[in-house]
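Following: one structure in structure tokens, then a few remarks.
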Amino acid sequence: MASRLVLVIGDLFIPDRAPDIPAKFKKLLTPGKIGQIICLGNLTDRETYEYLRTIAPDLQLVKGDFDTENPYSANTTTTNPSSSAAPASSSATASSSSIPLSKVITHGSLRIGFTHGHTIIPQGDADALLIAARQMDVDVLLWGGTHRFEAGGGRGAYPQFLFDGYVLVLYVYQLRTDANGAENVGVEKVSFRKQNPAAAATTAAAA
1 MASRLVLVIG
11 DLFIPDRAPD
21 IPAKFKKLLT
31 PGKIGQIICL
41 GNLTDRETYE
51 YLRTIAPDLQ
61 LVKGDFDTEN
71 PYSANTTTTN
81 PSSSAAPASS
91 SATASSSSIP
101 LSKVITHGSL
111 RIGFTHGHTI
121 IPQGDADALL
131 IAARQMDVDV
141 LLWGGTHRFE
151 AGGGRGAYPQ
161 FLFDGYVLVL
171 YVYQLRTDAN
181 GAENVGVEKV
191 SFRKQNPAAA
201 ATTAAAA
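Note that full-length UniProt numbering has the sequence shown beginning at 1, numbered continuously upward.
As structure tokens, this is what we get:
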């Protein structure tokens with residue numbers, strides 16, 4: 001399986017809480033570079049929706065607690081053959097009522113679940129999130145709604161995933177301001193490796 005770059009973004013609240021995605025981030029969002037965008041809810045704005053689709057037509061959405069009936073687009077998302085979504089939520093259409101609360105997609109052997117998180121009670125609770133991940137039967141669970149750096153909100157930070165077979169590499173881009181007031185983008189890297197079932201079977205047989 002070829003590597004694929006996926007942008008994860010959410011809780012944008014444009015233009016209610018921020019006028020736009022920070023310019024420093026926009027310089028990184030080159031069309032044709034990102035294979036898929038996962039939005040964790042509260043996109044809220046049609047113009048931002050259309051902008052993100054120019055970056056990557058494969059835009060996968062879940063509904064946030066502030067997503068209303070305001071239409072994003074009359075078009076459905078384009079699904080890339082290398083990823084698949086659960087049948088019940090395979091398309092995100094115009095009204096928020098048609099946008100699912102949670103969704104599962106696959107990249108190679110990795111099952112990725114994502115949700116805004118406001119339906120998980122207690123919200124942000126580690127045990128509740130673990131239960132949700134088990135119910136969705138996913139290797140990785142993404143959630144929004146915390147409005148902190150960890151959530152990857154587009155107003156201050158966002159993560160990108162690089163999927164390569166059984167390996168997920170996470171790059172977190174954070175907008176920082178130095179002592180002189182100048183803005184710059186810092187990057188952190190984290191890796192997750194899922195054991196290859198064939199390798200696991202070989203190890204078990206050898207034992």
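Quick reminder that beta carbons are idealized off the backbone N, C-alpha and C, glycines included.
Residue i in three-state terms, based on DSSP
| i | result |
| --- | --- |
| PHE25 | helix |
| TYR173 | strand |
| THR119 | coil |
| VAL190 | strand |
| SER89 | Because the pLDDT of SER89 is 36, which lies under 50, any placement of that residue in the model is unreliable, and the question is left without a value. |
| LEU40 | coil |
| ILE34 | coil |
| ILE9 | strand |
| GLY64 | coil |
| ASN184 | strand |
| GLY153 | With a pLDDT of 44 at GLY153, under the threshold of 50, the modelled position of that residue is not reliable, and no figure is offered here. |
| GLY108 | coil |
Element boundaries [alpha helix (DSSP H), containing residue i]
| i | result |
| --- | --- |
| LEU101 | Per DSSP, LEU101 belongs to no alpha helix (DSSP H) and is neither H nor E. |
| ILE55 | 46–55 |
| THR18 | The question names Thr, but residue 18 in the sequence shown is Ala. Unbroken run through ALA18: none, as it is neither H nor E. |
| ASP127 | 126–136 |
CB contact flag (residue i, residue j, <8 Å)
| i | j | result |
| --- | --- | --- |
| LEU12 | THR48 | yes |
| GLY113 | ALA133 | yes |
| LEU170 | LYS194 | no |
| VAL138 | LEU101 | no |
| PRO15 | ASP45 | yes |
| LEU99 | ASP65 | The residue you asked about is not Leu; residue 99 is Ile in the sequence shown. No, the Cβ-Cβ distance between ILE99 and ASP65 is not below 8 Å. |
| HIS116 | LEU28 | no |
| LEU175 | VAL8 | no |
The ligand NAP heavy atom lying under 7 Å from the CB of residue i
| i | result |
| --- | --- |
| GLY108 | For the ligand NAP, the structure offers nothing, since it holds no ligand at all. |
Start-to-end residues for the beta strand (DSSP E) that takes in residue i
| i | result |
| --- | --- |
| VAL140 | 140–143 |
Contact the stretch 20–40 vs the stretch 100–117: 3+ CB pairs below 8 Å: yes
Does the stretch 18–26 come close enough to the stretch 183–191 that 3 or more CB-CB pairs lie under 8 Å? yes
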